[in-house]
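Numbering (the working numbering), first residue to last: 7 to 346.
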């Protein structure tokens, strides 16, 4: 009898043997696991919430920083201030979690007081910018405030981000500088630059308080009313609201000076990404053929602006900026006429 298997039989036997071996390894062999790949965790987001009664923090002594030089005079080439917004806040700037203690009273027509806190040495506010009222997010705005030796610098950069920047690029830079006195901010120079793919527009206004004259880079000069603010500083140094329901203020946009009248709403709660905020609502009084402006100042957070709404002549809300982060230094800004 021939016990040798032909080639075909040997192949079949070999295949059966391999199959049995694989099954045995699967049942009784070592536990072998394939590596698993996890997606990156989502980015952490910080929430800013006021504490009910936290004690005041002790001020740190630090060497005062040298003030930034203001732009060159408008009589020469038009100034272009620094427009790069800080990627990281300074080390002494922290998220604002408690309202300051020392305040100055502001009152409504009903006699109710609204406390005006002193401004910090440094602050940074970040806003999400939306098209329309709570519509599609199209941009981001970063405001920075620095006060040193009785002088202040306010800088705001607003630009398109995300998907909106693929269809339209826009950048708005606003700069305000001057003195910081017992009466608050006193602008001496205001600069605005609007930049898109088609053109770049610049406007500058110089305020000569001694001569009571305002000079404009586009030509011309006008009488400077007392306590005139610019469109940026008015958000951080609104005039006192003493016994009135409507307050008037002179505001410059870099091209002219206008008299604004704002109606005052003392208690309005708004929703933001940092929580519900009780605010003072300032609504610009305007006719059907005038542009409107609404500003919400947070009562819990130093009366800083936390929502800004722009209204067209037809009454349509064209855009709004809503706060997403507030950071302030622990030091109070030094006023030019205060002896420490």
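Ideal placement from N, C-alpha and C gives every residue a C-beta, glycine not left out.
Does the stretch 167-176 come within contact of the stretch 191-204, defined as at least 3 CB pairs closer than 8 angstroms?
yes
Quick check on this structure: which residue in 241, 296, 297 has the alpha carbon closest to the alpha carbon of residue 304?
241
Run of the beta strand (DSSP E) containing residue 254, from where it starts to where it stops
252-258
Is the stretch 147-163 touching the stretch 122-134 in the sense that three or more CB pairs, one from each, lie closer than 8 angstroms?
yes
Candidates 314, 236, 316, of which the one nearest residue 183 by Cα
236
Check whether the Cβ atoms of residue 329 and residue 312 lie closer than 7 angstroms to each other.
yes
Go through its chain and collect everything with a Cβ distance to residue 259's Cβ below 6 angstroms, but skip five positions before and after it.
237
Residue 143 bridges to which residues according to DSSP?
136
For residue 310, which three-state DSSP category applies?
coil
I'd like to know whether the C-beta atoms of residue 143 and residue 134 end up nearer to each other than 7 angstroms.
yes
In three-state DSSP terms, what is residue 213?
strand
With 16 other Cβ atoms within 10 Å as the buried cut-off, status of residue 165
buried
Return yes when the Cβ of residue 301 is within less than 7 angstroms of the Cβ of residue 314, no when it is not.
yes
From the DSSP secondary-structure annotation, give me the bridge partner or partners of residue 162.
149, 180
Name the residue from 189, 139, 138 whose alpha carbon lies nearest to the alpha carbon of residue 156.
189
Under three-state DSSP, which class holds residue 240?
helix
Taking the straight line between their C-alpha atoms, what separation do you get for residue 226 and residue 255?
22 angstroms
List the endpoints of the continuous beta strand (DSSP E) containing residue 342.
Where residue 342 is concerned, there is no enclosing beta strand (DSSP E), given that its DSSP letter is neither H nor E.
For residue 243, which residues of its own chain have a beta-carbon under 6 angstroms away from its beta-carbon, when the five flanking residues on both sides are left out?
190, 191
Spatial neighbours of residue 293 in its chain, beta-carbon cut-off 7 angstroms, leaving aside the 5 residues before and after:
none
Nearest-angstrom Cα distance between residue 326 and residue 274?
17 angstroms
Quick check: what's the CA-CA separation for residue 172 versus residue 145?
12 angstroms
Buried or exposed (CB count within 10 angstroms, at least 16 for buried), residue 232
exposed
Report all residues from its chain with a CB closer than 6 angstroms to the CB of residue 320; omit the five preceding and five following residues, and keep chain order.
none
Sequence-distant residues of the same chain with beta carbon closer than 6 angstroms to residue 132, five excluded per side
148, 330, 331
Is it buried or exposed, residue 139, if we count other Cβ atoms within 10 angstroms and call 16 or more buried?
exposed
Are the C-beta of residue 124 and some C-beta of chain D separated by less than 7 angstroms?
Of the protein chains in this structure there is only one, and it is not chain D.
Go ahead and pull the three-state DSSP assignment for residue 223.
coil
Should residue 218 go down as buried or exposed, given a rule of 16 or more other Cβ atoms within 10 Å for buried?
exposed
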